[in-house]
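Accompanying notes for the structure given below.
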Amino acid sequence: MKKIIISLILVLGFAIICKAQPSLNDYKYVIVEKQFHFQNEANEYNLNSLTRYLFKKNGFKPILEGEIYPDDLKSDYCLALISEITAKGAFKTRVTIVLRDCDNNIVFQTEGVTKEKYFDKVYKIGIQKAMEGFNAVNYFYEPKKTNSTKDELRSTDISNQNNKNDVEKLIAENKELKVKEEILVVKVEETEKTPLIDSETVVALKEDENYFIAKSITNGFELINSKSNKVEFIIRNASIPNVFIIINKNGIIYKKENQWIREYIVGDKTVIETLDIRF
């Protein structure tokens, strides 16, 4: 009888633990480190740009450490997972990706192993192999119902308050109308002078019509500027189709919706620009 009771307790305890186990789908964002512990400088070998791209490819909304957070993340930091990438080993390098929640609990962990010896390749290959662990997860963000209920209650409270103070607000709006018109004029003038910049990325639009001629080299290409006739980019093949690592400059180049995109980091901003590459 005692054995049966103990077994029931263990089963119930295990069931409770499994039920409380958080899911990747509960989280909307992933914070990517600017510099991993094995790097000598931020984004060395373009590893952080590559990691950000691979998280985005798996459906997450990656945010580079130090970038401005979206409004919903500012109000609820627990919407994000914090990624941590470590690398260990001598003859074999084991790259581990750990995702932790806002309470530092491990939500997901995946590993990639490679025998590559060259430093400029070993971490890239290890990260790419570790990222394959997300393929079986089929991640998609599911907002929690509790948050939705709170938002609806908050919206109802605001609506009721607006009904009570409707007359007062109309009077206040009429008084502030002239001030708003003056502010609007100033803002329009400033907007004409200053381009709009997204808090997360800077999209670089190229007005000139120059293009790049791809010249095949070992494990990659040289991209020759059609105007200057000089090599502007040296790119190497990644293990992912239509993704290249830029060797002589910062960032990566990948194909999206029949357009070639260069993505790189400048300070705390991620810059995205389109390139006309002709292979």
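Be aware that the sequence shown starts at 838, since it is given in this note's numbering, and climbs by one per residue. Just so it is clear, CB atoms sit at the ideal spot from N, CA and C, and this is done for glycine as well.
Is the beta carbon of residue j closer than 8 angstroms to that of residue i?
i: N1085; j: F1070; result: yes
i: K1052; j: F1058; result: yes
i: N1062; j: N1074; result: no
i: F1049; j: I1109; result: no
i: N883; j: I1089; result: yes
i: Y976; j: L916; result: no
i: V944; j: L891; result: no
State the start and end residues of the unbroken alpha helix (DSSP H) segment that holds residue i.
i: Y1101; result: Run containing Y1101: none in the alpha helix (DSSP H); it sits in the beta strand (DSSP E), 1096–1103.
i: E959; result: Note that residue 959 is Val in the sequence shown, not Glu. Residues 956–968.
i: S886; result: 884–894
i: S912; result: 908–912
Among the options, which residue has its Cα nearest to the Cα of residue i?
i: K952; options: R937, G926, Y976; result: G926
i: Y864; options: V1103, V1068, P980, V1080; result: P980
i: L918; options: I1050, I1061, P859, Y955; result: P859
i: Q876; options: N1066, L861, I922, Y906; result: I922
i: F1097; options: V1080, K1106, D938; result: In the sequence under discussion, the amino acid at residue 1097 is Trp, which differs from the Phe named in the question. Here the closest residue by C-alpha is V1080.
i: Y960; options: D1105, F977, T1107, K929; result: K929
i: I1077; options: K1064, F956, M968, K898; result: M968
i: Y978; options: S912, P899, I934, K954; result: P899
i: R1099; options: K871, C915, L887; result: L887
i: N941; options: S920, N862, Y976; result: S920
i: K954; options: F945, C915, R931, E870; result: R931
i: E881; options: I1082, G949, K1092; result: I1082
i: N1095; options: L1112, D1105, Y1101, N1087; result: L1112
i: I934; options: D957, K911, H874, E878; result: H874
Spatial neighbours of residue i within its chain, please: C-beta separation below 8 angstroms, excluding the five flanking residues on both sides.
i: I1054; result: I1071
Apart from the five residues just before and just after residue i, which ones in its own chain have a Cβ nearer than 7 angstroms to its Cβ?
i: F1116; result: A1051
i: V974; result: L861
What residue does the beta strand (DSSP E) around residue i start on, and which one ends it?
i: V1108; result: 1106–1112
i: L1060; result: 1057–1062
i: N921; result: Note on residue identity: the sequence assigns Glu, not Asn, to residue 921. Per DSSP, E921 belongs to the beta strand (DSSP E) from 917–925.
i: A1051; result: 1049–1054
i: Q946; result: 943–951
i: F1081; result: 1080–1083
Just to confirm my understanding: we take residue i, look at its own chain, exclude 5 residues before and 5 after, and list those with CB closer than 6 angstroms. What are they?
i: F971; result: N895
i: V1016; result: Interpretation of V1016 is limited by its pLDDT of 47, a score under 50 that renders its predicted location unreliable; the figure taken from the coordinates is listed afterwards. The answer is none, since no qualifying residue turns up.
My understanding is that residue i touches residue j, with C-beta atoms under 8 angstroms, so please give their C-beta distance in whole angstroms.
i: E870; j: E902; result: 5 angstroms
Counting only C-beta atoms, is residue i closer than 8 angstroms to chain C at any point?
i: V935; result: Protein chain content of the structure displayed is limited to a single chain, and chain C is not contained in it.
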